[in-house]
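Numbering (the working numbering), first residue to last: 261 to 598. Each residue gets a CB set at the ideal place from its N, CA and C atoms; glycine is no exception.
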Amino acid sequence: MCKLNIITSEQGRLEKPTKNYRPIIVQLQNYPPEADYAAKLKNGTDMNLQPDECDQFYRIWWPLLTYVNKQMKLFNDFPSQLENDNINQQDAAVIRNALWASDRLLQDFIDSNPDNLSAADLELAASWKSRVAARFFIMRHLQKYSLFLNDSDNPIVYGVIGIVSPIPEILPYAPPILVDAVLLPFGDKIIFDSLLNSYPVRFGSGIRKGLNNQLRHAQESRGVVTSLEATDLTQAIINGNQKILVAFYKGLAKEGLSEKMQHEHHANIRIFVKDRLSSAIPPRSLLSVKVADLEAYFSACDNKANRVSFKRLVKFLCDSDRIGWEETERMEKFLKRQ
Numbered sequence: 261m262c263k264l265n266i267i268t269s270e271q272g273r274l275e276k277p278t279k280n281y282r283p284i285i286v287q288l289q290n291y292p293p294e295a296d297y298a299a300k301l302k303n304g305t306d307m308n309l310q311p312d313e314c315d316q317f318y319r320i321w322w323p324l325l326t327y328v329n330k331q332m333k334l335f336n337d338f339p340s341q342l343e344n345d346n347i348n349q350q351d352a353a354v355i356r357n358a359l360w361a362s363d364r365l366l367q368d369f370i371d372s373n374p375d376n377l378s379a380a381d382l383e384l385a386a387s388w389k390s391r392v393a394a395r396f397f398i399m400r401h402l403q404k405y406s407l408f409l410n411d412s413d414n415p416i417v418y419g420v421i422g423i424v425s426p427i428p429e430i431l432p433y434a435p436p437i438l439v440d441a442v443l444l445p446f447g448d449k450i451i452f453d454s455l456l457n458s459y460p461v462r463f464g465s466g467i468r469k470g471l472n473n474q475l476r477h478a479q480e481s482r483g484v485v486t487s488l489e490a491t492d493l494t495q496a497i498i499n500g501n502q503k504i505l506v507a508f509y510k511g512l513a514k515e516g517l518s519e520k521m522q523h524e525h526h527a528n529i530r531i532f533v534k535d536r537l538s539s540a541i542p543p544r545s546l547l548s549v550k551v552a553d554l555e556a557y558f559s560a561c562d563n564k565a566n567r568v569s570f571k572r573l574v575k576f577l578c579d580s581d582r583i584g585w586e587e588t589e590r591m592e593k594f595l596k597r598q
């Protein structure tokens, strides 16, 4: 994934505003009453922490910021108690950045435990060493979480929930939105650390298409990451291959092939994916297929595999921007051999 450069474009692909970015604290607010949470859950909305989880987060987070501020001697007037409208956003961002510069201050806070936090609270704080600090594109809001796509050559999509409110309710405009954020584990969930640095830029159709391709690639290659704990990606890769096979089948239908030929080509490629990719140790994504995979598979099949099926697969992967031109040309050259 090509990292985004914020530039001014006369063609309107990307527009740079007068302000580079604005740090906003979007989750430092009084908790809604229990009735509000109950109503949200009844309507199927669980995109934010529960009241007791909010209490736990701020029971740790605010003393942690206060501790870092004192240790680093940053601001004399930083409030010791969290209340509405008593936070200087820029000051909080400076303290947060100092905290995440290394794990030292976090570990010192855990070791000294100045606020006499419980063992469970300290364990949660320690888990924040597994944080992910990056620039993200907030791509979509789903029922259970919002999709954060990291701006990287190896894109990963994270399913992130809000703290006090669902993320869609606290953002200034609709996705895609470019933000700097620090993602934190919260048990088996992912939250952000209450601060988002949002870039008020607009994306043209070309960039949106590219971002959607990167999102699809991330979802198909490893699924949506919903926990920052170490996880086995085996099932996510297998599921991703199944998604690509479904898309391939739909692509065959659009080419006007008979239903019989659609089933035949799809079945041929499904067997290849199962035998060569999904059953590998570790399993591999169809997005990573190489000409060497075709050579090995055809050799194992005594060169009897249906080349037309594979030609259609390669064309589909290339036309849908799932593989690059160089690998496409290598595979097409191999498939033309008699």
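- Residue burial is scored here from C-beta neighbours: residue 385 has at least 16 other C-beta atoms within 10 angstroms and is therefore classed as buried.
- Around the Cβ of residue 465, a 10 Å sphere holds fewer than 16 other Cβ atoms; the residue is exposed.
- In the DSSP annotation of this structure, the continuous segment of the alpha helix (DSSP H) that includes residue 497 starts and ends at 494 to 514.
- Contact check for residue 355 and residue 376: beta-carbon distance about 21 Å, past the 8 Å limit, so the pair fails to qualify.
- Residue 378: not part of any beta strand (DSSP E); DSSP gives it neither H nor E.
- For residue 407, the closest alpha carbon among the candidates 391, 478, 381, 500 is that of 478.
- Separation of the CB atoms of residue 486 and residue 419 is rounded to 4 Å, and the pair is thereby assigned contact status at 8 Å.
- Here the segment 458 to 477 does not lie against the segment 316 to 325, with fewer than 3 beta-carbon pairs under 8 Å apart.
- When C-alpha distances from residue 577 are compared across 566, 518, 512, the shortest belongs to 512.
- Residue burial is scored here from C-beta neighbours: residue 568 has fewer than 16 other C-beta atoms within 10 angstroms and is therefore classed as exposed.
- Linking residue 382 to residue 363 through their CA atoms gives a straight-line distance of about 14 Å.
- With a 10 Å radius around the Cβ and a threshold of 16 neighbouring Cβ atoms, residue 327 comes out buried.
- Contact between residue 545 and residue 583 is ruled out by a C-beta separation of about 11 Å, above the 8 Å threshold.
- Apart from the 5 residues on each side of it in sequence, residue 595 sits with its Cβ closer than 6 Å to the Cβ of 567, 570, 571 in its chain, given in chain order.
- Contact annotation: the segment 394 to 405 touches the segment 423 to 439, with at least three C-beta pairs closer than 8 Å.
- Rounded to the nearest angstrom, the gap between the Cα atoms of residue 480 and residue 508 is 13 Å.
- In the DSSP assignment, residue 419 falls outside any alpha helix (DSSP H) and lies within the beta strand (DSSP E) extending over 417 to 420.
- Judged by beta-carbon spacing, residue 591 lies beyond the 8 Å limit of residue 547, meaning their Cβ atoms are not closer than that value.
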